[in-house]
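Student:
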Amino acid sequence: MSLILILGGARSGNSRFAAKLVSTLKGEKTYLATASALDPEMEERIKEHRRKRPKQYKTVEEPLEIERVFKGNGPSKIVLLDCLTLWISNCLLSYKSEDEILARLNSFLSLAKENKACLVIVSNEVGLGIVPEHKLARRFRDIAGLANQLAAKEANEVYWMVAGIPTKIKGEALADG
881 MSLILILGGA RSGNSRFAAK LVSTLKGEKT YLATASALDP EMEERIKEHR
931 RKRPKQYKTV EEPLEIERVF KGNGPSKIVL LDCLTLWISN CLLSYKSEDE
981 ILARLNSFLS LAKENKACLV IVSNEVGLGI VPEHKLARRF RDIAGLANQL
1031 AAKEANEVYW MVAGIPTKIK GEALADG
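The numbering used here puts the first residue of the sequence shown at 881, with every later residue one more than the last.
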């Protein structure tokens, strides 16, 4: 398995960079979308993402059971998960515990290994701001931080996105030019 983690803040360009990176890879591609349309604004965002998604990608829209991408009709060898933090949010809203969320992420990464998939994960770095006022927001921040650490530990490459500019922070050095 090859794992590439792309971290950044909201609207940092991490999804766009992930899609561009995946487009350079050869093989069948699956887009694993984790967003849930909980309000009209989010519904519009999802519609916009669907419009922008390359037509040649197989799409799996799954807000909770991300392991499903590796079951059934035979998974693609290239899977783009967009995004890990939305999945964590969905899990928290479904009353999942920190241990359960991290165990499920571990299981997902293990399934990717078993299937010899190239997995590209988009995630948000949410720990750079002030300490959140509310308990649920603090739990989310803490679990997202632990999940990002887990994914980064397993990753072959990690990119940090700021203002649309990717910086490789783990993996072989990029060639000049």
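Positions of the beta carbon are idealized from the N, C-alpha and C atoms, including for glycine.
Report all residues from its chain with a CB closer than 8 Å to the CB of R896; omit the five preceding and five following residues, and keep chain order.
Tutor: G1044
Student: Going by beta carbon distance, what residues of the same chain come within less than 6 Å of V1006, once the five residues before and after it are set aside?
Tutor: R1021 and A1024
Student: Taking the runs of the alpha helix (DSSP H) that are 4 residues or longer, which of them lie wholly in the region 930-999?
Tutor: 964-973 and 978-994, all fully within the region 930-999.
Student: Out of curiosity, what's the CA-to-CA distance linking N1028 and I1010?
Tutor: Answer to the nearest angstrom: the Cα atoms are 18 Å apart.
Student: Within the same chain, show all residues whose beta-carbon is closer than 6 Å to that of E833, passing over the 5 residues directly before and after it, in chain order.
Tutor: This structure cannot speak to residue 833, because the chain is shown only from 881 to 1057.
Student: Using beta-carbon positions only, say whether I958 and F988 come within less than 8 Å of one another.
Tutor: no
Student: Helix, strand or coil for S895 per DSSP?
Tutor: In the structure shown, S895 adopts helical secondary structure according to DSSP, grouped into three states.
Student: Grouping DSSP H, G and I as helix and E and B as strand, with all else coil, what is E1037?
Tutor: strand
Student: Beta-carbon within less than 7 Å of L966's beta-carbon, same chain only, minus the 5 sequence neighbours each way: which residues are those?
Tutor: T914 and A915
Student: Might you give, ordered along the chain, the residues of its own chain that have their beta carbon closer than 8 Å to the beta carbon of A890, omitting 5 neighbours on each side?
Tutor: N1004
Student: Cβ of N894 within 8 Å of Cβ of V1000?
Tutor: no
Student: Considering just the uninterrupted stretch of the beta strand (DSSP E) at G1044, what are its terminal residues?
Tutor: Here G1044 belongs to no beta strand (DSSP E), and DSSP marks it neither H nor E.
Student: In whole angstroms, what separates the C-alpha of L972 from that of K1050?
Tutor: 29 Å
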